[in-house]
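Student:
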Amino acid sequence: MFISLVQRPRQTDAALRHGADCMNDGIRYPGRMNPKLADVESWIFDLDNSLYPASTNLFALIDERMEAYIRRLLACDSVEARRVQKAHFRDHGTTLAGLMREHGVDPADFLDFVHDIDLARIAADPVLIDALDRLPGRKFVFTNADEAYAARVLDRLGLANAFDGMHDIHAMDYVPKPDPRAYSALCERHGIDPKRALFADDMARNLAPAKALGMVTVWLDNGSERGAEEANRGMIDFVIDDISVWLTEMLAEEMA
Ligand SMILES: [Mg+2]
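Shown next as structure tokens:
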């Protein structure tokens, strides 16, 4: 389904502020249909810190559980556990990938443990629910977490029925974003044409493989970034700070 969307000056300003390529071949078209968004038919969203505000700091609870898991696994103190956790995240894409490769950890055991958290600090956002409901095309969740946890989060956010599909860490065969194989598998599994897809993630480093496949890329610059976004500026089409606001403003322009 074709849609035409207008590039918002707000996003242009944000992108310029961050030095991102939010322009079309270097030319700004404020108030006109944005060619980068006009043909998008598949909308792909990261989950954690993307579909709910990073300010909820939900991930801190998972982070604590990861540290506790490693502390127990290696019989070490918190400082060493934290060091191992960060090293694996940096070197393997996720803490889990490093634990599997270097410590033979069972992924289901790890995922069940770290995601056993209270979701009370996140809540449904009526603006996001409405925007996703009105967004034409297919919508997907692409997450390095597992489907059971993601389903709990989506349910809590009032988005249990908002998406056409999900690609989780099990579907990735535990090769997480930003490994390019995860993106290819996502597209193949769901019949997504990457040249007519958009991907939004709060970690800039996850955008490069999407861009390489031809996707429009959106960086949610909400303060949660833990990757090296500096290296990926050229891979970012849009820089936004709130997915609800961005989608709602695009849809408003579309209807105008
Ligand atoms: Mg995220």
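Take 1445 as the starting number for the sequence shown in our numbering and just add one per residue.
Just so you know, even glycine gets a beta-carbon here, dropped at the ideal spot from N, CA and C.
In this text the structure is predicted, and so the values were computed from the model without any measurement.
1. Please report the distance separating the alpha-carbon of Y1603 from that of E1546.
2. Report the CB separation of A1606 from R1633 in whole angstroms; it is logged as a contact under 8 Å.
3. Could you tell me the alpha carbon to alpha carbon distance between L1691 and P1570, rounded to whole angstroms?
4. Drop a sphere of 10 angstroms on the beta-carbon of L1518, count the other beta-carbons inside from all chains shown, and report buried for 16 or more, exposed for fewer.
5. With a Cβ-Cβ cutoff of 8 Å, do P1622 and R1649 count as a contact?
6. Could you tell me which whole alpha helix (DSSP H) segments of length 4 or greater appear in the stretch 1477–1560?
7. Just checking N1493 against ligand 1 - is the residue's beta carbon closer than 7 Å to any of the ligand's heavy atoms?
8. Spatial neighbours of V1660 within its chain, please: CB distance less than 8 Å, with the 5 preceding and 5 following residues excluded, ordered by chain position.
9. Hey, S1486 and I1636: beta-carbon distance below 8 Å or not?
10. For D1665, which three-state DSSP category applies?
11. Of the choices N1666, M1647, A1656, G1581, whose alpha-carbon is the least far from that of Y1628?
12. State the DSSP-derived secondary structure class of K1583, mapped to helix, strand or coil.
13. Compute the minimum distance between the beta carbon of D1490 and the heavy atoms of ligand 1, and state whether it is under 7 Å.
14. Distance check for D1574 and R1509, CA to CA, integer angstroms please.
15. What residue from G1542, I1566, I1561, G1658 has the CA that sits closest to I1506's CA?
16. Could you check which residue in A1552, L1579, G1658 has the C-alpha nearest to that of D1617?
17. Give the range of the beta strand (DSSP E) segment to which D1645 is assigned.
18. Quick one: measure Cβ to Cβ for D1492 and F1503, integer angstroms, because I've assumed they're closer than 8 Å.
19. Using the Cα positions of E1697 and D1577, report the straight-line distance between them to the nearest angstrom.
20. Do A1531 and R1515 have their C-beta atoms closer together than 8 Å?
21. Any heavy atom of ligand 1 closer than 7 Å to the CB of D1645?
22. Give the C-beta separation of D1612 and E1591 to the nearest angstrom, bearing in mind that I take them to be a contact with Cβ-Cβ under 8 Å.
23. Would you kindly work out how many angstroms separate the C-alpha atoms of F1597 and G1658, rounded to a whole number?
24. By how many angstroms is the C-alpha of A1568 removed from the C-alpha of G1542?
Tutor: Looking at the coordinates:
1. Before going further, note that residue 1603 is Leu rather than Tyr in the sequence given. Their backbone Cα atoms lie some 36 Å apart in a straight line.
2. Rounded to whole angstroms, the Cβ separation of A1606 and R1633 is 19 Å, and the two are not in contact under 8 Å.
3. Take the alpha-carbon of L1691 and the one of P1570: they are about 13 Å apart.
4. Residue burial is scored here from C-beta neighbours: L1518 has fewer than 16 other C-beta atoms within 10 angstroms and is therefore classed as exposed.
5. One thing to note: P1622 has its Cβ within 8 Å of the Cβ of R1649.
6. Listed in chain order, they are 1479–1482, 1502–1518, 1522–1536, 1539–1547, 1551–1558.
7. Yes.
8. Hits under 8 Å: K1480, L1481, V1484, A1641, L1642, F1643, D1681, F1682.
9. Less than 8 Å separates the beta-carbon of S1486 from that of I1636.
10. Note: D1665 maps to coil in three-state DSSP.
11. It is Ser, not Tyr, that sits at residue 1628 in the sequence shown. Considering only alpha carbons, the answer is A1656.
12. Looking at K1583 - three-state DSSP - the assignment turns out to be strand.
13. Distances between the C-beta of D1490 and the heavy atoms of ligand 1 include at least one below 7 Å.
14. Put simply, the backbone Cα of R1509 is about 33 Å away from that of D1574.
15. Distances from the alpha-carbon of I1506 to those of G1542, I1566, I1561, G1658 put I1561 closest.
16. Comparing alpha carbon positions, the residue from A1552, L1579, G1658 closest to D1617 is A1552.
17. The continuous beta strand (DSSP E) containing D1645 extends over residues 1641–1645.
18. D1492 to F1503, Cβ: 6 Å. Contact.
19. Separation of E1697 and D1577 (C-alpha to C-alpha, rounded to the nearest whole angstrom) is 16 Å.
20. Judged by their CB atoms, A1531 and R1515 are not nearer to each other than the 8 Å cut-off.
21. Shortest gap from the CB of D1645 to any heavy atom of ligand 1: under 7 Å.
22. Indeed they touch by this definition, with Cβ atoms about 4 Å apart.
23. First, the residue type needs correcting, since residue 1597 is Val and not Phe in the sequence shown. Counting only the Cα atoms, G1658 lies some 29 Å from V1597.
24. Straight-line measurement puts the Cα of A1568 at about 33 Å from the Cα of G1542.
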